[in-house]
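Each remark here refers to the structure printed beneath this line.
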Amino acid sequence: MSDALPAKAPAPSELFLRFTQVAVSGFGGVMPFARRMLVEERHWLSAEEFADVLSLCQLLPGPNIVNVAVCVGARYHGVRGALAAFAGLMTAPFFLVLALGALYTEYSHLPAVSAAFHGVSAAAAGLVVAMGIKMAMSRRLRSAMALFAIVTFFGIALMRLPLVILLLALAPLSVAAAFWRAK
Amino acid sequence: MNEETLVQLALDFSILSLMAVGGAVTVLPEMHRSIVDVHGWMSGAQFAELFALAQASPGPNILVVSLVGWKVAGLAGALVATAAMCAPSCVLTFTISGIWQRFRGARWLTALQDGLVPVTVGLIVAGGYLITLSADHSIVAFAITALTALTVLTTRIHPLWLFAAAGLIGLAGWV
């Protein structure tokens with residue numbers, strides 16, 4: 111991907127810093143902040159390029175935002191750039207979340223803390239539920255393809271099948287169906 | 050913590066890394082299955098708490114993996130779990146990102162993208178279902194989960210405010 115690079119390629123240290131900024135600005139998902147930094151502030155990617163990188167990163171396995179950092183870093187400095195962007199994205203949040211975990215463990219024996227956390231856990235679950243509902247209502251699912259979503263839900267949530275079995279059995283069928291429908 | 054646990058963490062999460070189609074949240078059910086049901090490293094409620102902590106902390110969603118590793122095997126566990134969750138998918142992404150342009154618009158690629166969407170959706174809905182069952186043990190807790198979901202879907206309120214409100218309801222002893 112060598113097209114339309116900005117005049118000056120950012121140094122690995124800058125990749126590290128910018129991705130650190132992105133990582134600590136977002137709670138429960140930092141993709142919108144990554145987009146703003148990459149497209150609007152630094153102009154490292156055009157809006158189309160970002161959409162392109164994102165669709166690749168959503169297709170590939172792994173945390174999407176981590177994949178985006180790797181793609182952007184790799185584009186400028188190969189392995190070094192990918193490592194710099196990845197380290198920027200993960201280092202500060204890693205220690206922050208462990209600090210939070212340590213604090214929680216320290217005080218979770220207090221009835222007040224554990225009581226408050228029962229509420230917070232319930233709210234956090236609500237975020238995933240919302241995400242699921244939002245995605246389930248997307249237009250791309252208004253077809254016979256929804257059947258694959260329903261089978262996935264039954265297999266994983268109710269039958270508690272191992273993910274690897276479900277993926278091996280269902281993903282090829284679902285992709286084949288999509289291929290056939292596109293004809 | 051013993052080496053065996055670290056090796057197990059490394060194995061589990063590197064497989065999970067390659068199965069995380071459509072992002073980190075899709076492997077929530079499998080993480081739950083492996084950590085709670087298969088290894089018994091913690092209870093479902095503890096897993097839900099770690100998940101909530103990771104959501105309340107700045108950074109990528111995937112940090113729940115760091116907390117799980119830390120809970121199971123301390124700092125070494127956190128490092129091993131995080132590295133295992135990221136390394137395989139990162140190497141794959143790095144490799145593919147260089148040759149991706151060649152396949153743009155290819156029919157099989159579009160089919161791959163469209164075909165994975167319903168599976169991803171099913172996995173995220175399953176994740177919501179399982180984490181709710183783990184986190185909620187009272188009517189009020191279920192109400193908080195439902196209200197949070199509804200609020201997130203219909204308003205632009207920052208989730209941290211909802212966490213704060215839910216924390217206060219918990220503090221009052223109602224959950």
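Residue numbers (the numbering used here), protein chains in the order written: chain Z, 111 to 293; chain A, 50 to 224. Built from N, CA and C at the ideal position, the CB exists for glycine as well.
Below-8 Å beta-carbon distance, S138/A vs any chain Z residue | yes
For the alpha helix (DSSP H) that R152/Z lies in, which residues bound it at each end?
-> Looking at the DSSP string, R152/Z is not in any alpha helix (DSSP H), and its letter there is neither H nor E.
Assign P272/Z to one of three DSSP states: helix, strand, or coil.
-> coil
Fully enclosed by the stretch 149-207 of chain A, which alpha helix (DSSP H) runs are 4 residues long or longer?
-> 156-184 and 188-203
Can you check DSSP and say which residues form a bridge with F137/Z?
-> P107/A
Chain Z residues whose Cβ lies nearer than 8 Å to that of A59/A | Within 8 Å Cβ-Cβ: nothing; A59/A doesn't reach chain Z, min ~16 Å.
Under 9 Å between beta-carbons, which chain Z residues line up against L55/A? List them in chain order, please.
-> Within 9 Å Cβ-Cβ: nothing; L55/A doesn't reach chain Z, min ~16 Å.
The stretch 169-189 of chain A contacting the stretch 222-240 of chain Z, beta-carbon criterion three pairs below 8 Å = yes
Same chain, Cβ closer than 6 Å to I193/A, five either side skipped, listed in chain order = A215
In the structure shown, what three-state DSSP assignment does L65/A receive?
-> helix
Select from W290/Z, A232/Z, M147/Z and A287/Z the residue whose C-alpha is nearest the C-alpha of A101/A.
-> A232/Z
Taking one C-beta from the stretch 208-219 of chain Z and one from the stretch 69-85 of chain A each time, how about it: are there three or more such pairs within less than 8 Å?
-> no
Taking all protein chains shown into account, decide if E151/Z is buried (16 or more other Cβ within 10 angstroms of its Cβ) or exposed.
-> exposed
Which residues in chain A sit within 9 Å of L210/Z, going by Cβ to Cβ distance?
-> L102, A103, A105, S106 and L116
Three-state secondary structure (DSSP) of P173/Z = coil
Helix, strand or coil for A133/A, going by three-state DSSP, please let me know.
-> helix
Which ranges would you report for the alpha helix (DSSP H) in the stretch 218-264 of chain Z if only whole runs of at least 4 residues count?
-> 221-246 and 256-263
Of the listed residues V170/A, H186/A and F191/A, nearest to G242/Z (C-alpha basis) | V170/A
With 16 other Cβ atoms within 10 Å as the buried cut-off, status of T204/A = exposed
With 8 Å as the limit, tell me which residues of the stretch 185-210 of chain Z have their beta carbon closer than that to any beta carbon of chain A; keep them in chain order.
-> R185, V189, A192, F196, L199, M200, A202, P203, F204, L206, V207, L208 and L210
What residues from the stretch 117-134 of chain A come within 7 Å of chain Z, judged by C-beta to C-beta, listed N to C?
-> W119, A127 and T131
With 9 Å as the limit, tell me which residues of the stretch 183-197 of chain A have their beta carbon closer than that to any beta carbon of chain Z; keep them in chain order.
-> S183, A184, D185, H186, S187, V189, A190, F191, A192, I193, T194, A195, L196 and T197
Touch check for the stretch 100-120 of chain A and the stretch 187-207 of chain Z: three-plus C-beta pairs under 8 Å?
-> yes
Might you give, ordered along the chain, the residues of its own chain that have their beta carbon closer than 7 Å to the beta carbon of L112/A, omitting 5 neighbours on each side?
-> A103 and S106
Taking just the CA atoms, how far does L158/A sit from F152/A?
-> 7 Å
How big is the Cα-Cα spacing for T54/A and F143/Z?
-> 36 Å
Taking the Cβ atom as the reference point for each residue, do T262/Z and A73/A lie within a distance shorter than 8 Å?
-> no
Can you give me the Cβ contacts of F258/Z inside the same chain, cut-off strictly under 8 Å, excluding the 5 residues immediately before and after it?
-> L280, L283, S284 and A287
Chain-ordered neighbours of A228/A on chain Z, where CB pairs are closer than 7 Å = Given that chain A is displayed from residue 50 to residue 224, the structure contains no residue 228/A and the question cannot be resolved.
For M68/A, decide whether its Cβ has a neighbour in chain Z, counting only Cβ atoms nearer than 8 Å.
-> yes
Cα-Cα separation between S146/A and F227/Z, rounded to whole angstroms | 41 Å
If you draw a straight line from the alpha carbon of L209/A to that of W290/Z, how long is it in whole angstroms?
-> 44 Å
Between which two residues does the alpha helix (DSSP H) containing M147/Z stretch?
-> Premise fails: M147/Z is in no alpha helix (DSSP H) and is neither H nor E.
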